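A.B. asks: The sequence shown begins at 0 in numbering that gives the first Met the number 0 and counts up by one. Note that CB positions come from ideal geometry on N, CA and C, so glycine has one too. The structure presented is a predicted model; accordingly, all values stated were derived computationally and were not measured. Below is a structure I'd like to ask you about.
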Amino acid sequence: MKKLTVLFLIFAAAICSLEGCASMRMTSAEKAAKAEKIASQVRDSLSSWSFTIEADRMYPGRGAARSISSGYQVTVRDYDFNSHLPYFGEAWRVPYDGGHGLTFKSKIIDRSMTQVSPDSYEIKIALRDSEDDYLYTITVFDNGNANILVNCRNRESIRFSGNIKLPYD
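Written as structure tokens, this is what we have:
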């Protein structure tokens, strides 16, 4: 009798957990609506030139890819650019103390945005500061994923991946 009661309780718990999982599933219409909402938010952020991309992984020119902690990001507000990214790679001409790497604020010299496919945009941003000239090539997808390729005159290029921070989260 004791075994039957324990077996019944285990069976009841399994049924309850399956019902809970089933109620959390989204229908295909709900998934499509959510994807369209995210795509719309991405397009609005890009078209207004007001967005932040939070990096979570970096791909140095040499060596293995590395996960990076939170807080590393690139922010664009019209013609103001704020880069707070780590740098690993070879540098050719930098200040004696190593310089600021990819952590700086600057005014954008030149910028362009093109739609490279139905679900992705490529943004090119040219910058100059006291230490180097930079070209940031940012690819943003409708689902919010983003890639950042940084080319410098005095440093080896490096790539980052992450997500665009949506304003209506």
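Pop quiz: D131 and R152 are said to be a contact at Cβ under 8 Å. What is the actual Cβ separation, rounded to whole angstroms?
C.D. replies: The Cβ separation is near 6 Å, so the contact holds.
A.B. asks: Look at the Cβ atom of D128, then the Cβ atom of A38, and state whether they are nearer than 7 Å.
C.D. replies: Contact: no.
A.B. asks: Here's a check: name, in chain order, each residue in its chain whose Cβ is nearer than 6 Å to the Cβ of S160, leaving out the five neighbours to either side.
C.D. replies: For S160, where only same-chain residues beyond five positions count, the Cβ hits under 6 Å are R56 and N146.
A.B. asks: Note the first and the last residue of the continuous alpha helix (DSSP H) segment covering L45.
C.D. replies: Start and end: S27 to S46.
A.B. asks: Going along the chain, which residues of its own chain have a beta-carbon closer than 6 Å to the beta-carbon of T136, five neighbours each way excluded?
C.D. replies: For T136, where only same-chain residues beyond five positions count, the Cβ hits under 6 Å are K123 and L148.
A.B. asks: For T138 and E155, which I take to be in contact (beta-carbon distance under 8 Å), what is that distance rounded to the nearest angstrom?
C.D. replies: Contact doesn't hold; Cβ gap of about 20 Å is too wide.
A.B. asks: For the beta strand (DSSP E) that K106 lies in, which residues bound it at each end?
C.D. replies: K106 -> beta strand (DSSP E) spans L101 to S116.
A.B. asks: Could you tell me whether the segment 63-72 touches the segment 41-48, using the rule of 3 or more Cβ pairs below 8 Å?
C.D. replies: Touching, no.
A.B. asks: Which partner residues of D132 appear in the DSSP bridge assignment?
C.D. replies: Its beta-bridge partners are R127.
A.B. asks: By alpha-carbon positions, which one of L126, I9, N144 and F10 ends up nearest to V75?
C.D. replies: That would be L126, whose Cα lies nearest to the Cα of V75.
A.B. asks: Is I9 helix, strand or coil when you go by DSSP?
C.D. replies: It is helical.
A.B. asks: Name the two residues that bound the continuous beta strand (DSSP E) containing Y86.
C.D. replies: Note, Y86: premise wrong, no beta strand (DSSP E); not H, not E.
A.B. asks: Can you have a look at Y86 and say buried or exposed, based on whether 16 or more other CB atoms are within 10 angstroms of its CB?
C.D. replies: So Y86 ends up on the buried side.
A.B. asks: Span of the beta strand (DSSP E) holding A54?
C.D. replies: Residues S49 to P59.
A.B. asks: For Y133, count neighbouring Cβ atoms within 10 angstroms of its own Cβ and tell me buried if that reaches 16, exposed if not.
C.D. replies: When all chains shown are included, Y133 counts as buried.
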